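Chains W and F supply the protein sequences, listed in that same order. So the first sequence is residues -13 to 358, counted in my numbering. So the second sequence is residues -13 to 358, counted in my numbering. Some notes on the structure that comes next.
Number of protein chains: 2
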Amino acid sequence: MYTEEVLRFKKEELKEFVIEYFKKLGVPEDHSSIVADVMLEADLRGIPSHGLMRINMYYGVRLENGYMDPKTSYKVISESDTTSLIDGGNGLGHVVSVFAMNRAIEKAKKSNVGISVVKNSDHYGIAAYYSMMALQHNMIGISLSNSQPLVAPTYGKTPILGTNPISIACPSYEAYPFVLDMATSVVPSGKIQVYEKLKQKLPYGWGINNEGVMTQEPKDIKSGGCGALLPLGGDDITSGYKGYGLALAVDILCAVLSGASVLSEVGFPDKPKHCDVSHFFMAINIEAFRPVIDFKKQMDHLVEILKNSPKAKGKDRIYIAGEKEFENAEKNKTLGIPLMMKVLNDLKKDGDRVGVPFTAKPVMKDICSWYQ
Amino acid sequence: MYTEEVLRFKKEELKEFVIEYFKKLGVPEDHSSIVADVMLEADLRGIPSHGLMRINMYYGVRLENGYMDPKTSYKVISESDTTSLIDGGNGLGHVVSVFAMNRAIEKAKKSNVGISVVKNSDHYGIAAYYSMMALQHNMIGISLSNSQPLVAPTYGKTPILGTNPISIACPSYEAYPFVLDMATSVVPSGKIQVYEKLKQKLPYGWGINNEGVMTQEPKDIKSGGCGALLPLGGDDITSGYKGYGLALAVDILCAVLSGASVLSEVGFPDKPKHCDVSHFFMAINIEAFRPVIDFKKQMDHLVEILKNSPKAKGKDRIYIAGEKEFENAEKNKTLGIPLMMKVLNDLKKDGDRVGVPFTAKPVMKDICSWYQ
């Protein structure tokens, strides 16, 4: 956890900027609005690494240079009562992903289960945005994506796998919904950058150097080092092969099932290559198994068991996946979305370059703690 | 990894013993045959912790004492074109699980996706047995189960979650299929017992003592200690909350979706309580998305990329999930299924008590290395 000075903004003002920014780069207004919603949801939920911080490197640069099609002309290649195979049109991942998840939900309304796989897409932001779309329909939502290679397989030494996130969302009654959204690596690459910036040694188990040996030096992994992140579990002795297996399962369900690029073939967001990122979405209709109210009340019961269980020395609270993010969102809805100074400066610079000045006015100054 | 002296037996001879053992305890012959297949598959694949080692404590004791119904009178409570909710009849988990996975596969043949959830069941052995049933139908198989509480949630100090396994199986063309089968804890409890027996300190990150503090003493966790295993990822700083989130997702998909016992409510196999273990099975028809041959050939391509990628210092091979187990199975099919001396002595003792003498003749003596 680290703290940083921020300025807070009204969501509407930021959204207006993001929409204008993408429109200027040739993205239709309705698509720009979707991208803005997904990116701002990340900042709202306290995951700045996937928020406006990414607007230029992940999306702006790719649109300006023609690496990605601003029109995102996605199309359904084939479908059945339960499944869809979708071509993302080498456009904005958010746009095709909202379409694909909605389609999985529609199929699940009729057939109780719906799966969409998407190939020829690009980075889609926070995985949980799409899994959570299922909640309002009383469904369980699942969202997976592969991504550019940053993670070494167990016994390997170079980045072959993406941080391939897994998100699962399940509705509850009075408690916050369960929303797991995790990279299958120990940590995201952004955390290495934070430690490098703070000139701190990395915790043991996060990554390896260019010989495949565990390192605690951030520079061995980033900034010219050619090491790699480790999969969840870290070293072999702490079962890193499980995180490696999970990351590979994500690649198979997204890329092999849809016929997209796998592993190290997936492109980097800032490089002149067709990324060919792929995604997997699923919706499961709870009512097919039992009354939704019973499911939701038992979810509350499950949360209660965890909350009331004995705490480790020095800890006074046990969290449920997604809980911190829901609390962040509530706070940020009231106080405004926090943007770090560096992010703000980049937004101004990138806005000016594109021809969309950043004119949003901060509503307050604050200090924020980040979990990642 | 540790090595131990073993005697090897023909599978058929062991299977005959297991069938007679369960028949004597009131289990119908066809059910006994299923249980024997699942248990022997574990020994065959080099996972002795889930093989005949468990026959008495996990199943025999429960049947003898009437904690579990030997008839396993499972029944379908409700169903749709894609889903089944099944009551396991408080019987042998293997029996209802084979039924439930076959049912998911049948649904997937017609509807491309099939899901079965099972409540009121018991321990089902290796999760991969069921996910792998999908392979011969050119489907992706998924198998999840909750289990008795052994794992602490992040910031907790007592066992609340099971080791809740996740198994995903995907067919390939010439390469071995991808078969992930992992507990969502760092290690299974059996590994703590091995270290205790060998009088070795535990690696850092496997478990906590009764104050919730990381321990390297096996006795803090087992044998009267009241600590707990940690979820995959271990400590918070190495993202143990991700393994905790995965374990919780398994509990939700198995128990909350079916209306079974959750978390610490699930019973221990050796205690006089209705276990109420629950399972989740899914089959996905690959042909719904793309020609199976294309999927399988791309699986081989994915395996090739991993196999050919640079190795870490001191390592000469990168593995794919399931590969070690397939190699074990090939070896053990030829040489015979290895049983450790202690397991053999227990089988003799338990067989005599039940009235089914263990008369299988070893085909050879050997030394085996175990990964768990």
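Idealized CB from N, CA, C, for every residue including glycine. Every value quoted in this text rests on a predicted model; they were computed, and no experiment measured them.
Within 8 Å of the CB of Y141(W), the CB atoms of chain F belong to K297, A298, K301, R303, I304 and Y305, in sequence order along the chain. Chain-order list of chain F residues neighbouring S97(W): D67, T68 and S97, by C-beta distance under 7 Å. Interface with chain W (7 Å Cβ-Cβ cutoff): A235(F) is included. Taking the Cα of Y230(W) as reference, the smallest distance to any Cα among P255(F), L239(F), S158(F) and G219(F) is reached at G219(F). Secondary structure at T320(W): helix, using DSSP grouped into helix, strand and coil. Excluding five sequence positions before and after T(-11)(F), the CB atoms of its chain that fall closer than 6 Å to its own CB belong to I353 and S355, given in chain order.
Within a 10 Å sphere around the beta-carbon of P145(W) sit 16 or more other beta-carbons, which makes this residue buried.
Residue contact with chain F for E290(W): absent (no Cβ-Cβ distance below 7 Å to any residue of chain F). Counting of Cβ neighbours within 10 angstroms places D338(W) among the exposed residues, the total staying below 16.
Using beta-carbon distances, T144(F) counts as an interface residue toward chain W, with a partner under 7 Å. Residues of chain F with a Cβ closer than 8 Å to the Cβ of E197(W) are, in chain order, A298 and K299. With respect to the C-alpha of L215(W), the residue from T149(W), P56(W) and D336(W) having the closest C-alpha is T149(W). A Cβ of chain F is located within less than 7 Å of the beta carbon of G191(W). The three-state reading of DSSP puts D108(F) in coil, since its state is none of H, G, I, E or B. Beta bridge pairing from DSSP links P34(W) with no other residue. Of the candidates V99(F), I154(F), G191(F) and Q186(F), I154(F) places its Cα closest to the Cα of A235(W). The Cβ-Cβ distance between C261(F) and L130(F) does not fall below 7 Å. With distances taken between CA atoms, E(-9)(F) lies nearest to L325(F) out of V349(F), L325(F) and K335(F). Short of 6 Å from the beta carbon of I223(W), and not among the five residues preceding or following it, lies no beta carbon of its own chain. According to the DSSP secondary-structure assignment, A214(W) is paired through a beta bridge with I194(W). Proximity of F3(W) to chain F, defined by a Cβ-Cβ separation below 7 Å, is not satisfied.
Taken in chain order, the complete beta strand (DSSP E) segments of 3 residues or longer contained in the stretch 122 to 197 of chain W are 125 to 131, 152 to 156 and 164 to 168. Of all residues in the stretch 154 to 186 of chain F, only I154, C156, F164, L166, M168, V172 and V173 come within less than 7 Å of chain W when Cβ atoms are compared, listed by chain position. L184(F) is classed as exposed because its beta carbon has fewer than 16 other beta carbons within 10 Å across all chains shown.
For the 7 Å CB-CB criterion, A113(W) and D167(W) form a contact.
When 8 Å is used as the limit between beta carbons, I272(F) is near these residues of chain W: L243, in chain order. As far as DSSP is concerned, C240(F) takes part in no beta bridge. Contact between A315(F) and E(-1)(F) fails: their C-beta atoms lie close to 17 Å from each other, not under 8 Å.
Taking a Cβ-Cβ threshold of 8 Å, the residues of chain W close to S225(F) are M168, V172, V173 and L218, in chain order. Taking a C-beta distance under 7 Å as the contact criterion, V172(W) and G308(W) do not qualify as a contact pair. Between A233(F) and L330(F), the C-beta gap is not smaller than 7 Å, which leaves the two residues out of contact. A269(W): member of the beta strand (DSSP E) spanning V263 to N271, first to last residue. Burial of Q134(F) is indicated by the presence of at least 16 other C-beta atoms within 10 angstroms of its C-beta. Sorting G32(F), N124(F), L11(F) and V99(F) by C-alpha distance to the C-alpha of P277(F) places N124(F) at the top. Close CB contacts of K1(W) within its chain, under the 8 Å cut and outside five residues either way in sequence, are with S19, A22, D23 and L26 (chain order).
In summary, L136(W) is buried, with 16 or more beta-carbon neighbours lying within 10 Å of its beta-carbon over all protein chains present.
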